[in-house]
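The listed protein sequences correspond, in order, to chains V and X.
Numbering-wise, full-length UniProt numbering puts 329 at position 329 of the first sequence, and it's gapless, one number per residue.
Numbering-wise, full-length UniProt numbering puts 103 at position 103 of the second sequence, and it's gapless, one number per residue.
This report refers to the structure that appears directly beneath it.
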Amino acid sequence: MAVRPQHTHNGGIVERRLRPIYDWLDNGNNKKALQEAEKVLKKSPTLQAARALKALAMFRLGKGPEAHAVLQALADEKPSDDTTLQAMTILYRESQQFNKVCELYEAAVKAEPTSEELHSHLFMSYVRVGDYRAQQRSAMALYKIAPKNPYYFWVVMSVVLQAKTAEDDTKKGILLSLAQRMVDNFISDNKMEAEQEARLYIMILELQEKWEDILNFIESPLYSQCVPGSTAQACIPYLKKLGQWSRLNLLCKDLLWDNQDRWDYYLPYFDSVFQLMKNECEGDSHADDTAEKCHEFICQLVESMSSGRTLRGPYLARLELWKRLSVDGDPTSLLGSGVALCIQYLRVFANKSCAVPDLKPYLAMIPQKEREDSCRDFLTCLGFDENSEPETLDDIQRHISCLCARRLTAAPGAPAEQLATAGALRRQYLRCVARRLLTATQTEYCAADGYGTLAAHYYCSAAVQQRSAAPVLQALALLELVLHHSPANVHVKLLMISLYHMLGNAIAAESIYVRLEPKHIQLVSLGWVHAARCAPALAPARALRLLADAHAFHKHYAKESVEHLTYAYKYGTFEKLLELGAWGARLGACAWCALAGRERALLPLLAGPPAPLHAPARLPHPPVDNRDLNAIISWEPAQCADPDLKERTFDQDVAYLRLKDGLVSSIALCIECSDNRSVAEKRAQLDELRACVDAFACAMDKCRDKYGAARRELCISAPFPSRIIAFVSSPVPYRDLYSSVLTMVCELCGGEGVRGRESAERLRALLVSSRQQLEAPATSPWALRESLEAFSNYLEFIGVITFLLGVCNELSTPTNTKKSKKKASQSPDQILTTEMLSKLNDEVQDTISFLEDIFEKWPTYDYGFNIEDELAKLDITDKYHCPVEQKLKNGLQEVLADVKNILKKKSKYLKTLQ
Amino acid sequence: MTTIRPFTCEDMLYFNTVNLDPLTETYGLSFYTQYLAHWPEYFQVAESPSGEIMGYIMGKAEGHGENWHGHVTALSVNPDYRRLGIAATLMNILEEVSEKKKAYFVDLFVRVSNKVAINMYKNLGYIVYRTVLEYYSGDPDEDAYDMRKACSRDINKKSVVPLTHPVRPEEVD
Numbered sequence: 001m002a003v004r005p006q007h008t009h010n011g012g013i014v015e016r017r018l019r020p021i022y023d024w025l026d027n028g029n030n031k032k033a034l035q036e037a038e039k040v041l042k043k044s045p046t047l048q049a050a051r052a053l054k055a056l057a058m059f060r061l062g063k064g065p066e067a068h069a070v071l072q073a074l075a076d077e078k079p080s081d082d083t084t085l086q087a088m089t090i091l092y093r094e095s096q097q098f099n100k101v102c103e104l105y106e107a108a109v110k111a112e113p114t115s116e117e118l119h120s121h122l123f124m125s126y127v128r129v130g131d132y133r134a135q136q137r138s139a140m141a142l143y144k145i146a147p148k149n150p151y152y153f154w155v156v157m158s159v160v161l162q163a164k165t166a167e168d169d170t171k172k173g174i175l176l177s178l179a180q181r182m183v184d185n186f187i188s189d190n191k192m193e194a195e196q197e198a199r200l201y202i203m204i205l206e207l208q209e210k211w212e213d214i215l216n217f218i219e220s221p222l223y224s225q226c227v228p229g230s231t232a233q234a235c236i237p238y239l240k241k242l243g244q245w246s247r248l249n250l251l252c253k254d255l256l257w258d259n260q261d262r263w264d265y266y267l268p269y270f271d272s273v274f275q276l277m278k279n280e281c282e283g284d285s286h287a288d289d290t291a292e293k294c295h296e297f298i299c300q301l302v303e304s305m306s307s308g309r310t311l312r313g314p315y316l317a318r319l320e321l322w323k324r325l326s327v328d329g330d331p332t333s334l335l336g337s338g339v340a341l342c343i344q345y346l347r348v349f350a351n352k353s354c355a356v357p358d359l360k361p362y363l364a365m366i367p368q369k370e371r372e373d374s375c376r377d378f379l380t381c382l383g384f385d386e387n388s389e390p391e392t393l394d395d396i397q398r399h400i401s402c403l404c405a406r407r408l409t410a411a412p413g414a415p416a417e418q419l420a421t422a423g424a425l426r427r428q429y430l431r432c433v434a435r436r437l438l439t440a441t442q443t444e445y446c447a448a449d450g451y452g453t454l455a456a457h458y459y460c461s462a463a464v465q466q467r468s469a470a471p472v473l474q475a476l477a478l479l480e481l482v483l484h485h486s487p488a489n490v491h492v493k494l495l496m497i498s499l500y501h502m503l504g505n506a507i508a509a510e511s512i513y514v515r516l517e518p519k520h521i522q523l524v525s526l527g528w529v530h531a532a533r534c535a536p537a538l539a540p541a542r543a544l545r546l547l548a549d550a551h552a553f554h555k556h557y558a559k560e561s562v563e564h565l566t567y568a569y570k571y572g573t574f575e576k577l578l579e580l581g582a583w584g585a586r587l588g589a590c591a592w593c594a595l596a597g598r599e600r601a602l603l604p605l606l607a608g609p610p611a612p613l614h615a616p617a618r619l620p621h622p623p624v625d626n627r628d629l630n631a632i633i634s635w636e637p638a639q640c641a642d643p644d645l646k647e648r649t650f651d652q653d654v655a656y657l658r659l660k661d662g663l664v665s666s667i668a669l670c671i672e673c674s675d676n677r678s679v680a681e682k683r684a685q686l687d688e689l690r691a692c693v694d695a696f697a698c699a700m701d702k703c704r705d706k707y708g709a710a711r712r713e714l715c716i717s718a719p720f721p722s723r724i725i726a727f728v729s730s731p732v733p734y735r736d737l738y739s740s741v742l743t744m745v746c747e748l749c750g751g752e753g754v755r756g757r758e759s760a761e762r763l764r765a766l767l768v769s770s771r772q773q774l775e776a777p778a779t780s781p782w783a784l785r786e787s788l789e790a791f792s793n794y795l796e797f798i799g800v801i802t803f804l805l806g807v808c809n810e811l812s813t814p815t816n817t818k819k820s821k822k823k824a825s826q827s828p829d830q831i832l833t834t835e836m837l838s839k840l841n842d843e844v845q846d847t848i849s850f851l852e853d854i855f856e857k858w859p860t861y862d863y864g865f866n867i868e869d870e871l872a873k874l875d876i877t878d879k880y881h882c883p884v885e886q887k888l889k890n891g892l893q894e895v896l897a898d899v900k901n902i903l904k905k906k907s908k909y910l911k912t913l914q
Numbered sequence: 001m002t003t004i005r006p007f008t009c010e011d012m013l014y015f016n017t018v019n020l021d022p023l024t025e026t027y028g029l030s031f032y033t034q035y036l037a038h039w040p041e042y043f044q045v046a047e048s049p050s051g052e053i054m055g056y057i058m059g060k061a062e063g064h065g066e067n068w069h070g071h072v073t074a075l076s077v078n079p080d081y082r083r084l085g086i087a088a089t090l091m092n093i094l095e096e097v098s099e100k101k102k103a104y105f106v107d108l109f110v111r112v113s114n115k116v117a118i119n120m121y122k123n124l125g126y127i128v129y130r131t132v133l134e135y136y137s138g139d140p141d142e143d144a145y146d147m148r149k150a151c152s153r154d155i156n157k158k159s160v161v162p163l164t165h166p167v168r169p170e171e172v173d
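As structure tokens, this is what we get:
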């Protein structure tokens, strides 16, 4: 953030002196800024602005305590010049001390009670801490000094916010009527002038559910003066609230005559028709109160369209009517069959890639039997079949739309059938390559790409049913070719990421992921697509990098989000204020970011050098799902739909998050308890640690019961089974392994040598048997993903136990004394403990050797497939080499090499502890 | 078939298929939230009946005196929903808002290589007002066309008399 204030008043000598300090600060050279500030202070040691900037430079150089000492001294002088105050505000904000900013400006306005600018800063300081009452007070003071509209509405908004957060209804009612009275008075004085003021007034009336008053206001001349040209549209929600269905009906019809494609007018129109149908008494002969009249109206809209431009609106409206009528009746007598209507839609719009996505919700409404019986009609309705060879781009898109509609309606079919269809689609794509029918540009997809994405869906279903990687390889080979020709196609990229991960290959997936260039908010909404899958694919270093990006985004936003509220006041956009507040809270409670925080603490124990544990921020209550699960294109038939997917997978992910949170908290407590305070002094933390370990064990038991047998089916467009499933259902007893190691540290920290050694002995036995419980590496590429996930869970434990052995080692050698001296001073109990730890250490090293041996002899897989043979048969001159096999081989090799390297380091580290 | 509604913060979680397009930039969060807080009426989204984001437009009003104008900051349409007139609908809204704000003209910048977009803007009545050299950074940098369309307030269409020479980005106000 730029430090320099936007308006400097005292332009002259002071400004000139300070300029270099600002320059250095804005360029991020804090050292130079500090030197420059000291230079200025030599000449004028009391200059407040220079001292404030000096403090800021010191803070940014990591000298927090010194910076705050300077700042406190300044604050005691109660400065009131803008330059000083702004520099101090920045420092307080950067150190998250928002309350101090309030105090600062409270003192400043006392010194200069008529300054509009200082009062407005004071108001904003209350906004940052969310003190609505203080906001109201300061905005009122501000309005008295400078009677401007925005300030008045700051007062009103502050009252509204108090009402919104008020706990009892009476208080809420009083506050809202106060807010309303304030605006009413303003209106009667003819002072209302801005759109946002009118919207705030509506918001106040809405909170009181005064629908009639809102309608009257919207229809008043004042509203159309403040918000010109939107009266009709603005009435819609309130006519609905008031049940004025006839009026709503006529209004929407009017709007639709002029806007035949506006879905937001059709929906309330249908609502009104269906209400009027129920409610025969409300008679207005012009309103459409029967299905017949409604259909008639839609037909008129269809006919009214000029021949040049056909809009989807009226056609989809007919389907919507069919859908609504079929909820509790039979619409066929009026509209014909749903199949016929869908086919009619396809006939008109099949040349658009949105045709089938548009139809999707309506296809799902057709009874399954009828849908499956007519799937062939969808394919053939435009004269195509599987073997058609369309030559124009429009026809290719039509053909693809028909094929997609068939996929959505047909019974899924046996794997052989799916593979045959996939093969046919692949031949279609290759035909387009050979016939030079590909037209993709830098930003436009190519119609023929649809053959590839649809084929990938068929291949993937066959692979899942057969539990075989071969069809996935075919899909990947085809999609790599599609992407080669159509580099902008996002669907292709996302499908490929999913497919590479299906084969457990995070490195190959990354080769595509980087081409998507996701950033900022996308790191959150798309985290599940790739970043979340790296750690279980045994790519911890890569996972850590991606998690660090997500974490950095989250941290940055948490700091910024409060500033956005001040903008909304500044520009008087009161509606957005609530939205921005809710958005800040939503991102703050992001489950994925919370998990990223935990993984960033745990994974370095495996993949990083031993380092202090980052303690993540507290777990949000409750964590929020910010995943965009519709990102990957899906051509799954309606009967394969999984309506609970989002809720189910989120519930599982949150359970996993809680387990990881328990582990991080326990490990952090182990570190805290391992210092050289007396046992009595750390009693409280030891108790907390014990409680944490018990809670973890208990949660593991519950999760095993709840999630151990959860469904694990893979779907191309959905998140993979949550990590909790493999973790709690593993034959390796992670519950006991983690609780034993944590209990051992706890006992040793508490000076309970005997009990500590018992835990260590139990742990050693568990470790020995766990080696036998580990499943052997996958022998087929299909099983690789699950196999790597199982090993990643085991390796994470190895990381934790290695780290905790280091902690125990610190415990028995609290100072950096020489080994020989230390041994001499050990009590018999400590000697026994040291011996026990050394035995445990040996066991961990043996386990590591055992793992090294497994990774050394990891099977190689045969990735044979045939797209190049088929390409060679075509008459294509440009050379294309399919990269899939190489990517998969290199990816696996890289992962294995990394893991072996990690294990070597762990082993080396463990030896240093002995 | 479109629902036009104001863009909301939560839309940022679901605009992926629009924004992963190579020429559509995903900005830092505060860029979007500042536009939302400052010019909410200029930030509109077109939604499909199934709730998918088909495209969005973000813009602002700026300038002094006869330079007071509406500006298109971003206009992007999901590739699956192109050639349906969505961009034109969204541009229309931005022009209407600019009319209400009594702007003199609406302007926008577009890559000179983006033929599809340039043609669309021309069909909507925009002219190339000037070329801005190396406006888009990249390898190599690319020039932009500054395209304009006059609003009704500019009766004599003074704002759309093309410049004869190109300008540097720093000369653009």
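Just so you know, even glycine gets a beta-carbon here, dropped at the ideal spot from N, CA and C.
In the three-state DSSP reduction, X/H64 falls in the coil class, being neither helix nor strand.
Cβ atoms of X/C9 and V/L580 come within 8 Å of each other, at about 7 Å. In this structure, the alpha-carbon of V/A585 lies about 29 Å from that of V/E117. Taking a Cβ-Cβ threshold of 7 Å, the residues of chain X close to V/N626 are L13, in chain order.
Taking the beta carbon of X/M58 as reference, no residue of chain V falls within 8 Å; the closest one sits roughly 14 Å away. Assigned with DSSP and collapsed to three states, V/H484 falls in helix. Contact note: V/P357 reaches chain X through S48, S50, E52, D80, Y81, using a C-beta cutoff of 9 Å and chain order.
Flagged as an interface residue toward chain X: V/C354, by a C-beta distance shorter than 8 Å. Sequence-distant Cβ neighbours of V/W211 in its own chain, meaning closer than 6 Å and more than five residues away, are Y238, K241, L242.
At a cut-off of 8 Å, the C-beta of V/I521 has a neighbouring C-beta in chain X. Taking a C-beta distance under 8 Å as the contact criterion, V/V472 and V/Y429 do not qualify as a contact pair. Contact annotation for X/T73 against chain V: no contact, minimum CB-CB distance about 16 Å [criterion: below 8 Å].
Sorting V/N149, V/Y143, V/V155, V/A509 by C-alpha distance to the C-alpha of V/Q135 places V/V155 at the top. Ranked by how close their Cα comes to the Cα of V/Y126, the residues V/L587, V/S739, V/V562, V/E636 have V/V562 in first place.
Taking a Cβ-Cβ threshold of 9 Å, the residues of chain X close to V/K360 are S50, in chain order.
In terms of Cα proximity to V/S333, the closest of V/Q344, V/T310, V/E292 is V/E292. Every alpha helix (DSSP H) stretch that sits fully inside the region 111-157 of chain V and reaches 4 residues is listed by chain position as 116-129, 132-145. X/D143: not part of any alpha helix (DSSP H); member of the beta strand (DSSP E) spanning 142-150, first to last residue. With a minimum length of 4 residues, the unbroken runs of alpha helix (DSSP H) contained wholly in the region 554-641 of chain V fall at 574-588, 591-607.
Here X/K157 has A150 as same chain residues with Cβ atoms under 6 Å from its own Cβ, once five neighbours each way along the sequence are excluded. In the three-state reduction of the DSSP assignment, V/A455 falls in the helix class, which pools H, G and I. For V/S674, the closest Cβ of chain X is not nearer than 8 Å. If you compare the alpha carbons of V/A139, V/Q96, V/I145 with that of V/V129, the shortest gap goes to V/Q96. When C-alpha distances from V/Q685 are compared across V/C749, V/V348, V/S461, V/N505, the shortest belongs to V/C749. The region 443-456 of chain V and the region 486-501 of chain V touch, with three or more beta-carbon pairs separated by less than 8 Å. Taking the CA atoms as reference points, X/T89 sits about 35 Å from V/G588. In chain order, L438, T439, A440, S486 place their CB closer than 6 Å to the CB of V/C446, counting only its own chain and leaving out the 5 sequence neighbours on each side. Non-local beta-carbon contacts of V/D829 in its own chain, meaning distances under 6 Å to residues more than five positions away in sequence, involve G753 in chain order. Beta-carbon to beta-carbon, V/C882 and V/E480 are separated by about 6 Å, close enough to satisfy the 8 Å threshold.
When the Cα atoms are used, V/L742 and V/C670 turn out to be separated by approximately 7 Å. Closest option to X/E134, judged by alpha-carbon separation, among X/P40, X/V167, X/G63: X/V167.
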